[in-house]
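Visitor: The listed protein sequences correspond, in order, to chains A and B. Numbering-wise, the numbering used here comes out as the position in the first sequence, counting from 1, plus 16. Numbering-wise, the numbering used here comes out as the position in the second sequence, counting from 1, plus 16. For each residue, glycine too, the CB sits at the ideal point set by N, CA and C.
2 protein chains.
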Amino acid sequence: MYNTKAYAAFSATDSLQPFQLDRRGLRENDILIDILFCGVCHSDIHTVKNDWHATKYPVVPGHEIIGKVIKKGEKVIHFNIGDIVGVGCMVDSCQNCSSCNDGLEQYCLNGFTGTYNGKDKISGGYTYGGYSDKIVVQENFVLKIPKNLDLAGAAPLLCAGITTWSPLKNWDIKAGDHVGIIGLGGLGHMAIKLAHAMGAKVTMITTSPQKGEDAKRLGADNVLLSTDKDAMKSASMSFDFLLNTIPVKHDANPYILLLKTDGTMVFVGAIEPIEPIHMGLLIGKRRHIGASLIGGIKETQEMLDFCGTHNITSDIELIPIQEINEAYERVLKNDVKYRFVIDMNSLKKESKE
Amino acid sequence: MYNTKAYAAFSATDSLQPFQLDRRGLRENDILIDILFCGVCHSDIHTVKNDWHATKYPVVPGHEIIGKVIKKGEKVIHFNIGDIVGVGCMVDSCQNCSSCNDGLEQYCLNGFTGTYNGKDKISGGYTYGGYSDKIVVQENFVLKIPKNLDLAGAAPLLCAGITTWSPLKNWDIKAGDHVGIIGLGGLGHMAIKLAHAMGAKVTMITTSPQKGEDAKRLGADNVLLSTDKDAMKSASMSFDFLLNTIPVKHDANPYILLLKTDGTMVFVGAIEPIEPIHMGLLIGKRRHIGASLIGGIKETQEMLDFCGTHNITSDIELIPIQEINEAYERVLKNDVKYRFVIDMNSLKKESKE
């Protein structure tokens, strides 16, 4: 067992606070990771607040983890002491079903084990995430981080990056395709960078005129204001693909009209019922709606390697863990460009005081 | 000009009644068809009642037309006098856009011309449909009917047949796939026959226990009662593909749960806003929603040839045109198995009296 330091919430209304917890001793395929950075995902806040009615307290959030290998089990073959590694949203799955065999552990037919608040398949209990100084993870769920990347900026690739990469790859986005990214937040800003690097013509679709300049800095070729009816009408039937990152219930019909015949809009944000879709808008032009959840381990590694080649990381604001509760408040007000990342050195210093 | 007999509605509240109309003289690529049979599609009723707010009166409905070539323009090359032919939902399109060039005239970027109530691209005015003794159609929109098929039963292939064939082919349904057909009406009964002939394992999904026996007669391997919560739960994640033929607003979420990971539900019936879709159900298993509108001319011919090979026609109730208004009442009560077809001999006799 490893006694480790973390920040945890103990109820839906509490602030996050210091917490001592036991990590399991190393099994033969496990890696002990010294955590350097951990991104702050909106899902962390949903879980802390029990918005999805499935939180087990105390909960230690964090599934955008970058760290260094400091110990490994005897059968670990792909990693060495000192390697810089990442851990994303999953730390286990059945590794035996058709989805797992296809490299799509996120759709494991027996359910994947979330990096935090996930039911541990072996030892029982619930997993603790990356707001911590160390974590133990089996090597099959550990990623290699390209050496050239800024490590703090790489943390959000493990969730925001793969969540947008997976649909762009699955729907085969390629150079010249006209791709619209709806919503400019943590997911949207990664989607712009990735789609642009894939060679797509990228249009940022937003309700906020003030986001236009930043969208272009991130790689968007154009900005389309969804509140401008004339502009929306002019853009009708001009998109091959739309990635909808809006995280809440909304009316998707105006966006459907932007799609060409056989075009697809993929939802990665809203995990709740959305406003009624007018099926005539789909039927009339054989338009498609898809959806996508994070990504598998193999494709996460491919995304990381691609980001290494193109030197892509997230735009972040680095914070000490002592500011995590203020950071949550700011995330809820959309006041972050575009991801908070915790410098875990702040936790380690605290633990020495 | 050809002065022809037809049945027309003159307002949204009127019954259909006899009507004399002028068909254009033959252009060089035109065919004059002596109509033998015409199917009765629910769209006919929507148009007569102006449910879609686009009806131009008088309207002569009918887009499931079977007839015989009795005259042809000088440049017609694919048809001869005496050929048994069909005309479906379209009689023209721009024949020059990317959709038309792909054989998908139903998604013509400049709009196809409907067989009735369609704006004529050349002569102006509005087209008149198949509740008539004759029709003039350019040969590019005329289909060949396999000689072995029952001609009355073949009429509904031109709309109900192609509307279900096109998505089954576009989503590449093949032997062994588990296909669910939702709703057993004109479209659903054709979908069962076609999917069964393609070698799929077909499950009829219906709210009506009494429809089960008939579904099996039509080719369904299984029947799933959507009102049986236990059966629906047992069937979750068991379908590769669902064809949703429900023609009105409904809650599609219980059906989404039936889809496997990466499975698709395609809507061909409801052309209105449906109940809110819970995007979490799509995201969690990368499920897809598609939609499809009739089919192109090339694929309609392929469907007809397939039906010839497998001897597939619609189950119909043959009526004289004088009973069309009663037939409409019965369609509105779902009291037909599964399509009314008008024997146009009844109109020709009337015209002689």
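1. Less than 9 Å separating the beta-carbons of Val-103 (chain B) and Gly-146 (chain B)?
2. Run the CB neighbour count on Val-357 (chain B), radius 10 Å, all protein chains shown included, and call it buried at 16 or more, exposed below.
3. Counting only beta-carbon atoms, is Lys-190 (chain A) nearer than 9 Å to chain B?
4. Taking the straight line between their C-alpha atoms, what separation do you get for Asp-118 (chain B) and Tyr-144 (chain B)?
5. So Ala-231 (chain A) is in the alpha helix (DSSP H); what residue range does that whole segment cover?
6. Considering only their Cβ atoms, is the gap separating Asn-133 (chain A) from Thr-71 (chain A) smaller than 9 Å?
7. With DSSP collapsed to three states, give me the class of Ile-287 (chain B).
8. From this set, B:Leu-120, B:Phe-53 and B:Glu-345, which residue's C-alpha is nearest Asp-166 (chain B)'s C-alpha?
9. Since Thr-129 (chain B) and Ser-109 (chain B) should fall inside the 8 Å C-beta cutoff, what is the C-beta to C-beta distance between them, to a whole number of angstroms?
10. What does a CB cutoff of less than 6 Å around Gly-196 (chain A) pick up in its chain, not counting 5 residues either side in sequence?
11. Counting only beta-carbon atoms, is Ile-313 (chain A) nearer than 9 Å to chain B?
12. Helix or strand or just coil, what does DSSP make of Glu-90 (chain A)?
13. At least one CB of chain B closer than 9 Å to the CB of Glu-288 (chain A): is that the case?
14. Can you find a C-beta in chain A that's less than 9 Å from the C-beta of Phe-95 (chain B)?
15. Comparing C-alpha positions only, which one of B:Arg-302, B:Pro-270, B:Arg-303 and B:Glu-229 sits nearest to Ala-247 (chain B)?
16. So is Phe-283 (chain A) in contact with chain B if we call contact Cβ pairs under 9 Å?
17. Consult DSSP for Ala-211 (chain B) and reduce its assignment to one of helix, strand or coil.
18. How long is the line joining the alpha carbons of Phe-95 (chain A) and Thr-316 (chain A), rounded to whole angstroms?
19. Please determine, among B:Pro-225, B:Gly-169, B:Lys-190 and B:Val-239, the residue with the shortest C-alpha to C-alpha distance to Met-206 (chain B).
20. From B:Ser-250, B:Met-295, B:His-266 and B:Leu-334, pick the residue whose C-alpha is nearest to that of Ile-262 (chain A); which is it?
21. If we ignore side chains and look at the alpha-carbon of each, how far apart do Gln-338 (chain B) and Thr-277 (chain A) end up?
22. Name, please, each residue of chain A whose Cβ falls closer than 9 Å to the Cβ of Met-106 (chain B).
23. Run down chain A in chain order and give the residues with a C-beta less than 9 Å from the C-beta of His-294 (chain B).
24. Flag this pair as yes or no: are the beta carbons of Gly-55 (chain A) and Ala-176 (chain A) separated by less than 9 Å?
25. Taking a contact to mean a Cβ-Cβ separation below 9 Å, would you say Lys-88 (chain A) touches Asp-149 (chain A) in this structure?
26. Quick one: using the 10 Å Cβ neighbour count with 16 as the cut-off for buried, is Trp-68 (chain B) buried or exposed?
27. For a test of the three-state rule: what should DSSP assign to Lys-245 (chain A), helix, strand or coil?
28. Under 9 Å between the Cβ atoms of Ser-330 (chain A) and Ala-191 (chain A)?
29. Quick one: what's got a C-beta closer than 7 Å to Phe-35 (chain A)'s C-beta in the same chain, skipping five residues either side?
Guide: Inspection of the coordinates gives the following:
1. Position 87 of the second sequence, counting from 1, holds the residue named residue 103 (chain B). Position 130 of the second sequence, counting from 1, holds the residue named residue 146 (chain B). Yes, the Cβ-Cβ distance between Val-103 (chain B) and Gly-146 (chain B) is below 9 Å.
2. For this step, residue 357 (chain B) is matched to residue 341 along the second sequence. Buried, because 16 or more other Cβ atoms sit within 10 Å of the Cβ of Val-357 (chain B).
3. Indexing the first sequence from 1 puts residue 190 (chain A) at position 174. No, Lys-190 (chain A) does not count as interfacial toward chain B.
4. Taking the first residue of the second sequence as position 1, residue 118 (chain B) is located at position 102. Taking the first residue of the second sequence as position 1, residue 144 (chain B) is located at position 128. Those two C-alpha atoms are separated by around 27 Å.
5. Your numbering for residue 231 (chain A) matches position 215 in the first sequence. It spans 228 to 234 - the alpha helix (DSSP H) in which Ala-231 (chain A) sits, taken as one unbroken run.
6. As a working note, residue 71 (chain A) is residue 55 in the first sequence. As a working note, residue 133 (chain A) is residue 117 in the first sequence. Yes, these two residues count as a Cβ contact at 9 Å.
7. Here the question's residue 287 (chain B) lines up with position 271 in the second sequence. Here Ile-287 (chain B) sits in coil by DSSP.
8. Stepping through the second sequence from its first residue, residue 166 (chain B) is reached at position 150. Comparing Cα positions, the closest option is B:Phe-53.
9. As a working note, residue 129 (chain B) is residue 113 in the second sequence. As a working note, residue 109 (chain B) is residue 93 in the second sequence. With a Cβ gap of about 7 Å, Thr-129 (chain B) and Ser-109 (chain B) count as contacting.
10. Sequence index remark: in the first sequence, residue 196 (chain A) carries index 180 (1-based). Excluding sequence neighbours, Gly-196 (chain A) sits near Thr-219, Ile-221, Phe-255 and Leu-258.
11. Residue mapping note: residue 313 (chain A) aligns to position 297 of the first sequence, counting from 1. Answer no: the Cβ-Cβ gap between Ile-313 (chain A) and chain B never drops below 9 Å.
12. Stepping through the first sequence from its first residue, residue 90 (chain A) is reached at position 74. The answer is coil: DSSP assigns Glu-90 (chain A) none of H, G, I, E or B.
13. In the first sequence, counting from the first residue as 1, residue 288 (chain A) sits at position 272. With 9 Å as the cut-off, Glu-288 (chain A) counts as an interface residue toward chain B.
14. Residue 95 (chain B) sits at position 79 when you count from the first residue of the second sequence. It does not; no Cβ of chain A falls within 9 Å.
15. Within the second sequence, the letter at position 231 stands for residue 247 (chain B). Nearest of B:Arg-302, B:Pro-270, B:Arg-303 and B:Glu-229 to Ala-247 (chain B), Cα basis: B:Pro-270.
16. Working through the first sequence from its first residue, we reach residue 283 (chain A) at position 267. So, interface residue.
17. As a first step, residue 211 (chain B) must be located in the second sequence, where it is residue number 195. Helix, per DSSP.
18. For the purposes of this step, residue 95 (chain A) is identified with residue 79 of the first sequence, where counting begins at 1. For the purposes of this step, residue 316 (chain A) is identified with residue 300 of the first sequence, where counting begins at 1. So the two alpha carbons sit approximately 16 Å from each other.
19. For the purposes of this step, residue 206 (chain B) is taken as the residue at position 190 of the second sequence. Answer by Cα proximity: B:Gly-169.
20. For this step, residue 262 (chain A) is matched to residue 246 along the first sequence. Considering only alpha carbons, the answer is B:Met-295.
21. Here residue 338 (chain B) is taken as the residue at index 322 of the second sequence, counted from 1. Here residue 277 (chain A) is taken as the residue at index 261 of the first sequence, counted from 1. Cα-Cα distance, rounded: 41 Å.
22. Start at 1 with the first residue of the second sequence, and residue 106 (chain B) comes out as number 90. Among the residues of chain A, none has a CB under 9 Å from the CB of Met-106 (chain B); the nearest is roughly 14 Å distant.
23. Numbered from its first residue, the second sequence carries residue 294 (chain B) at position 278. Correct list: Ile-287, Glu-288, Pro-289 and Ile-290.
24. What you label residue 55 (chain A) is simply residue 39 of the first sequence in a count that begins at 1. What you label residue 176 (chain A) is simply residue 160 of the first sequence in a count that begins at 1. Less than 9 Å separates the beta-carbon of Gly-55 (chain A) from that of Ala-176 (chain A).
25. Counting from 1 along the first sequence, the entry for residue 88 (chain A) is found at position 72. Counting from 1 along the first sequence, the entry for residue 149 (chain A) is found at position 133. No.
26. Residue mapping note: residue 68 (chain B) aligns to position 52 of the second sequence, counting from 1. Classification for Trp-68 (chain B): exposed.
27. For the purposes of this step, residue 245 (chain A) is taken as residue 229 along the first sequence, with counting starting at 1. Helix, per DSSP.
28. Position 314 of the first sequence, counting from 1, holds the residue named residue 330 (chain A). Position 175 of the first sequence, counting from 1, holds the residue named residue 191 (chain A). No; because the gap between Cβ atoms is not below 9 Å, this pair is not in contact.
29. What you label residue 35 (chain A) is simply residue 19 of the first sequence in a count that begins at 1. If we look at Phe-35 (chain A) and ignore the five residues flanking it on each side, its Cβ neighbours are Ala-22, Tyr-23, Ala-24, Pro-74 and Val-76.
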